[in-house]
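The number in this note's numbering is simply the position in the sequence shown, starting from 1, with 449 added.
Some notes on the structure that comes next.
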Amino acid sequence: MKNTNWKVPVIIAVGVVAIILLIIFGSQSFQNKAIALEEQVNTASSDIKVQEKRRVDLVYNLVDCVKEYDKYEANTLSEIVDKRASTGDIENVTTAITAVAESYPELKSNENYKTLMNELSMTENLIAEYRSNYNKQIKEYNRHVKKFPTRYFLNILGYEVQEYEYLDYHAPIDAPQNLFSED
């Protein structure tokens, strides 16, 4: 009988230590996942800001480019009209137009407008996609930190749960206008 008496306390002690270790590692696992999810939320937020900055840079640069090319094209066409008006000889006008066409084979401001609209469309689609991803990350984060028993372990460990809100998708009331007007 003496032989079995020491086994029971050892089994109980091992069981208690195992439970304590399970609680410690379990709570640390909850905290690590919360930290990883929080980083995903921050990354998603940063992705949105990068695309919004790209949009601002893109709009101003492309608008300036299109404006300058429009001026160039207007000057080129104006020269053609002036040549045409200054001479009554149709052959001279045809020669002038041919010379301009050979020197400047493609006048493409309409292509610049298409490029501008395509780039803006792609940027807006990326922003919408990143916003959707941000909201998805918020949902996953909130689901993790609010469920039982995670929230209790995080509170015990002193982890401060971050409050995040879903992004609003409402479009602005006043859309940008007069992008190509002279300042």
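The C-beta atom is built at its ideal place from N, Cα and C for all residues, glycine as well.
- By the CB criterion at 7 Å, residue 576 and residue 500 fall inside the cutoff.
- Taking a contact as a CB-CB distance under 8 Å, the pair residue 562 and residue 490 does not count as one, their CB atoms being some 38 Å apart.
- DSSP places residue 601 inside the alpha helix (DSSP H), whose first and last residues are 599–605.
- Between residue 476 and residue 583, the CB-CB gap reaches or exceeds 7 Å.
- By the neighbour-count definition (other C-beta atoms within 10 Å, threshold 16), residue 606 is an exposed residue.
- Proximity to residue 610 across 510, 471, 463 and 479 peaks at 479, based on C-alpha coordinates.
- DSSP, read as helix, strand or coil, puts residue 512 in helix.
- Assignment of residue 470 by DSSP, reduced to helix, strand and coil, places it in the helix class.
- It is roughly 10 Å from the alpha-carbon of residue 518 to the alpha-carbon of residue 512.
- It is roughly 26 Å from the alpha-carbon of residue 591 to the alpha-carbon of residue 574.
- In this structure, residue 572 lies near residue 503, with their beta-carbon atoms less than 7 Å apart.
- In this structure, the straight-line span from the alpha carbon of residue 509 to that of residue 597 is close to 50 Å.
- Residue 459 and residue 580 have their C-alpha atoms spaced approximately 56 Å apart.
- The alpha-carbon of residue 462 is positioned some 14 Å away from that of residue 471.
- DSSP, read as helix, strand or coil, puts residue 615 in coil.
- The Cβ-Cβ distance between residue 593 and residue 507 does not fall below 7 Å.
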